[in-house]
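A.B. asks:
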DNA sequence: TCCGTCACCTGATGGGGCGTCAGAACTCAC
DNA sequence: GTGAGTTCTGACGCCCCATCAGGTGACGGA
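Residue numbers (the numbering used here), protein chains in the order written: chain Y, 370 to 597; chain E, 370 to 597.
In C-alpha cells, the structure reads:
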C-alpha cells in the first residue's frame, strides 16, 4: 500500500521547485528529460492498463533508461501524481464556468448544458490520469486523495456558493448546500467517466448530456428544468 | 492490456460448472481449495492496492502455492472477475427494492432514503471488488465491462421502469427514461464509492444520504422532495 | 582550442514475482 | 492395502524492479 510522502515537496510545481532524487536542481537538459518522461508516462497510461504499467516501458519510450526515471521520480505513482496536479490546475476553467455562469431561468439550463459538455470534454482529456487518481484515492493513498480533494472540492464549493444564493431567496430548501453540491459534482464526474459505457448499452451521449444537465439545473436552483 | 476470454466458460458459476485450468472438473477437495483462494483474493484486495496484488501473496495467505492458484485461475483478474460475478448476483436485492418500493408521495421519499442506505451498505461491502471492476472497465477490459453492465444495467432498467410509470401519468417529462435512470444509478454509485471522501472534507454521510435521496426521488418521480 | 568540472545518464546487479513443468502427496473406491 | 485418479508443490527460466558506481557529454574559463 503506497503511503504519503512529505507534503512540502509538492508546493511549487511550476517547473522551478523541481528536484532530482539526489536533491540537486536540474538544469535545462535535466528538465527536458524529466518532461519527456512525464509525457511518456501519460502516453503509456493512455495505452496500457495501470496494473501493467512498467517503469522500463516508460523509460524506453522516452528514449532513456529506468535509472534515469528514478533520478526524477521516486516511483511511477509520483510521476502520475504530478500529472494529476497538472490536471487539477487545468480544472480552474470549470470552476470559472460555475462561478461566472448565469444560473437563473432558461439561461441557467443552458449554463448547465454547457457545463455538462465542458466537463465531459475535460474528463475525456484527462481520463487516464483521473482513473488512477480515483482508484488510488479509494485505496487510501493520501497523495492522490489530496489531488482529488483539491480539484473536486473547488468545483463543489463553487456549486455550493451558487446554491446558497438560491437558498437565500427561499428556494431549494431542505438540503445542506455542500452535501448537495458534493453529490452533484460526484454525479457529473461519474457520468463523464462512464459515458462511453452508456453508449455501449444503447444510451446515446446526447441523451445522457440532457439528463445530466437537468440534474445539475435542478440540483443548483431547485427549479424544474424546461421540458422542451 | 487484458482481453476477453471465451465467454462460454462463465455461464454457470453455481460452483458446478467450475473447471480447473487443465479442463478437469474438481472434486470436493479441489473446490474447497479454490474457494479458499477466492476468499483470500478478496481479503488481499481489501488490504493491499490492486497494483501491488501478487499471486504469491494470495497463495501464501491461503496456505498453498502459486502453482495451485494457476490451477484454478488463469490469472489474478480471472479470480477477481468471479468475485465480481458473485457481487452482481448479490445486487438482486437492490433491484427488488426499486421494483417493489412505493415511489409515490412521502412514502416515495422514504423509499429513496432506504435505497440510499442499502446502496451505500452494498458498496461498502463490495468496495474492493467494485473499484477493480470500475477501473478495468474504464481501461477497456471486456470481461469486467460485462460484469459492470450486468449489475448496473439491472438497476438502471428497474429505475427506468418506475420512471416510465410516472411519465405515463404525464409527470417527469422531457427526458429519456433510460438516460435519466442511468445518470441516477451512476450518481448513486459514485456517491456510495466516495462517501468517506465526503467525510474527509467535512460533509457528514448523514447529509450526503439526504442529498442523495432527494436526487433519487426527484429523478424518479419528477416531484419536489419534502423540505423537512 | 583544450580542459576540468559538474550534470546527466546507463550498464550491471541482487532481489523477487511470474507462469509452468514433472513428479510427489494425498484420497477414495474397491 | 492397493492402485487409479486427483490435488498439490519444488524448482526453474524469464523478466521487471530499484539502485549504485562509474561512464559520457556539456559548458565555462584560460
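Every residue, glycine too, gets a C-beta built ideally from N, C-alpha and C.
Predicted model, so just to flag it, every value in this text is computed and none were measured.
Please state whether DSSP places residue 394 (chain E) in a helix, a strand or coil.
C.D. replies: Taking the first residue of the second chain as position 1, residue 394 (chain E) is located at position 25. Coil.
A.B. asks: Less than 9 Å between the beta carbons of residue 528 (chain E) and residue 554 (chain E), yes or no?
C.D. replies: Taking the first residue of the second chain as 1, we reach residue 528 (chain E) at position 159. Taking the first residue of the second chain as 1, we reach residue 554 (chain E) at position 185. The answer is yes: Cβ separation under 9 Å.
A.B. asks: Here's a check: name, in chain order, each residue in its chain whose Cβ is nearer than 6 Å to the Cβ of residue 521 (chain Y), leaving out the five neighbours to either side.
C.D. replies: Taking the first residue of the first chain as position 1, residue 521 (chain Y) is located at position 152. Cβ within range, chain order: 554.
A.B. asks: State yes or no: is the beta carbon of residue 553 (chain E) nearer than 9 Å to at least one beta carbon in chain Y?
C.D. replies: If you number the second chain from 1, residue 553 (chain E) lands on position 184. It does; some Cβ of chain Y falls within 9 Å.
A.B. asks: Closest to residue 562 (chain E) by C-alpha separation, out of Y:541, Y:550, Y:508, Y:561, would be which residue?
C.D. replies: For the purposes of this step, residue 562 (chain E) is taken as the residue at position 193 of the second chain. Answer by Cα proximity: Y:508.
A.B. asks: Pop quiz: residue 477 (chain E) and residue 590 (chain E) are said to be a contact at Cβ under 8 Å. What is the actual Cβ separation, rounded to whole angstroms?
C.D. replies: Locating residue 477 (chain E) in the second chain gives position 108, where the first residue counts as 1. Locating residue 590 (chain E) in the second chain gives position 221, where the first residue counts as 1. Confirmed, Cβ separation roughly 6 Å.
A.B. asks: Strictly below 7 Å CB to CB, what residues from chain E border residue 587 (chain Y)?
C.D. replies: Along the first chain, read from residue 1 onward, the residue named residue 587 (chain Y) stands at position 218. Those are 587, listed as they occur along chain E.
A.B. asks: Using CA coordinates, which residue listed in E:442, E:572, E:464 is at the minimum distance from residue 526 (chain Y)?
C.D. replies: Your numbering for residue 526 (chain Y) matches position 157 in the first chain. The shortest C-alpha separation from residue 526 (chain Y) is found at E:572.
A.B. asks: Please work out which residues of its chain come closer than 6 Å, Cβ to Cβ, to residue 542 (chain Y), disregarding the five sequence neighbours upstream and downstream, and give them in chain order.
C.D. replies: The residue labelled residue 542 (chain Y) in the question sits at position 173 within the first chain. Excluding sequence neighbours, residue 542 (chain Y) sits near nothing in its chain.
A.B. asks: Going by DSSP, what residue range makes up the alpha helix (DSSP H) through residue 526 (chain Y)?
C.D. replies: Working through the first chain from its first residue, we reach residue 526 (chain Y) at position 157. Taken as a continuous stretch (DSSP letters only), the alpha helix (DSSP H) holding residue 526 (chain Y) covers 511-537.
A.B. asks: Please determine, among E:420, E:486, E:422, E:416, the residue with the shortest C-alpha to C-alpha distance to residue 575 (chain E).
C.D. replies: As a first step, residue 575 (chain E) must be located in the second chain, where it is residue number 206. Residue E:486 is the option with its Cα nearest to residue 575 (chain E).
A.B. asks: Could you work out which residues of chain E lie near residue 463 (chain Y), taking near to mean beta carbons separated by less than 8 Å?
C.D. replies: Along the first chain, read from residue 1 onward, the residue named residue 463 (chain Y) stands at position 94. In chain order: nothing, as chain E lies at least about 17 Å away.
A.B. asks: If you measure from the beta carbon of residue 482 (chain Y) to each beta carbon in chain E, is any gap under 9 Å?
C.D. replies: Numbered from 1 along the first chain, position 113 holds the residue referred to as residue 482 (chain Y). With 9 Å as the cut-off, residue 482 (chain Y) does not count as an interface residue toward chain E.
A.B. asks: Which term fits residue 595 (chain Y), buried or exposed, when burial requires 16 or more other beta carbons within 10 angstroms of its beta carbon?
C.D. replies: Taking the first residue of the first chain as 1, we reach residue 595 (chain Y) at position 226. Burial call: exposed.
A.B. asks: Residue 576 (chain E) lies in the alpha helix (DSSP H); which residues open and close that run?
C.D. replies: Along the second chain, read from residue 1 onward, the residue named residue 576 (chain E) stands at position 207. Start and end: 574-590.
A.B. asks: For residue 517 (chain Y), which residues of its own chain have a beta-carbon under 6 Å away from its beta-carbon, when the five flanking residues on both sides are left out?
C.D. replies: Reading the first chain from its first residue, position 148 is the one you call residue 517 (chain Y). Result list for residue 517 (chain Y): 502, 506, in chain order.
A.B. asks: Using the C-alpha atoms, what's the distance from residue 457 (chain Y) back to residue 512 (chain Y)?
C.D. replies: Taking the first chain and counting its residues from 1, the one referred to as residue 512 (chain Y) is at position 143. Taking the first chain and counting its residues from 1, the one referred to as residue 457 (chain Y) is at position 88. Spanning the two alpha carbons is a distance of roughly 13 Å.
A.B. asks: In angstroms, rounded to a whole number, what distance separates the CA positions of residue 568 (chain E) and residue 514 (chain E)?
C.D. replies: By 1-based counting over the second chain, the position of residue 568 (chain E) is 199. By 1-based counting over the second chain, the position of residue 514 (chain E) is 145. Approximately 30 Å between the Cα atoms of the pair.
A.B. asks: For residue 449 (chain Y), which of Y:429, Y:469, Y:474, Y:409 has the nearest alpha-carbon?
C.D. replies: For the purposes of this step, residue 449 (chain Y) is identified with residue 80 of the first chain, where counting begins at 1. Comparing Cα-Cα distances from residue 449 (chain Y) to each of Y:429, Y:469, Y:474, Y:409, the minimum goes to Y:409.
A.B. asks: Tell me which residue opens and which closes the alpha helix (DSSP H) that residue 437 (chain E) is part of.
C.D. replies: Taking the first residue of the second chain as position 1, residue 437 (chain E) is located at position 68. Its alpha helix (DSSP H) spans residues 435-441.
A.B. asks: Count the other CB atoms, across all protein chains shown, that sit within 10 Å of the CB of residue 420 (chain Y); report buried if there are 16 or more and exposed otherwise.
C.D. replies: Here the question's residue 420 (chain Y) lines up with position 51 in the first chain. That one is buried.
A.B. asks: Drop a sphere of 10 angstroms on the beta-carbon of residue 583 (chain E), count the other beta-carbons inside from all chains shown, and report buried for 16 or more, exposed for fewer.
C.D. replies: Start at 1 with the first residue of the second chain, and residue 583 (chain E) comes out as number 214. When all chains shown are included, residue 583 (chain E) counts as buried.
A.B. asks: If I follow the unbroken alpha helix (DSSP H) through residue 500 (chain Y), where does it start and stop?
C.D. replies: Translated into the one-based positions of the first chain, residue 500 (chain Y) becomes position 131. Its alpha helix (DSSP H) spans residues 474-507.
A.B. asks: In three-state terms, what does DSSP make of residue 426 (chain Y)?
C.D. replies: What you label residue 426 (chain Y) is simply residue 57 of the first chain in a count that begins at 1. Of the three classes helix, strand and coil, the one that applies to residue 426 (chain Y) here is helix, per DSSP.
A.B. asks: When you compare only the Cα positions, how much space is there between residue 479 (chain E) and residue 460 (chain E)?
C.D. replies: Locating residue 479 (chain E) in the second chain gives position 110, counting from the first residue. Locating residue 460 (chain E) in the second chain gives position 91, counting from the first residue. Rounded to whole angstroms, residue 479 (chain E) to residue 460 (chain E) spans 20 Å at the Cα level.
A.B. asks: For residue 598 (chain E), which residues in chain Y fall below 7 Å Cβ to Cβ?
C.D. replies: Absent from the structure is residue 598 (chain E), since the part of chain E shown begins at 370 and ends at 597.
A.B. asks: Using a Cβ-Cβ distance cut-off of 9 Å, determine whether residue 498 (chain Y) contacts chain E.
C.D. replies: The residue you call residue 498 (chain Y) lines up with position 129 of the first chain. It does not; no Cβ of chain E falls within 9 Å.
A.B. asks: For residue 459 (chain E), does the three-state DSSP call read helix, strand or coil?
C.D. replies: Mapped onto the second chain, residue 459 (chain E) falls at position 90. Here residue 459 (chain E) sits in helix by DSSP.
A.B. asks: Which chain E residues sit within Cβ distance under 8 Å of residue 522 (chain Y)?
C.D. replies: For this step, residue 522 (chain Y) is matched to residue 153 along the first chain. The answer, in chain order, is 570.
A.B. asks: Measuring CA to CA, which of E:588, E:558, E:433 is closest to residue 500 (chain E)?
C.D. replies: By 1-based counting over the second chain, the position of residue 500 (chain E) is 131. Nearest of E:588, E:558, E:433 to residue 500 (chain E), Cα basis: E:558.
A.B. asks: Going by CA-CA distance only, name the one from E:565, E:398, E:435 that's closest to residue 493 (chain E).
C.D. replies: On the second chain, position 124 is the one that residue 493 (chain E) refers to. Out of E:565, E:398, E:435, E:565 has the C-alpha closest to the C-alpha of residue 493 (chain E).
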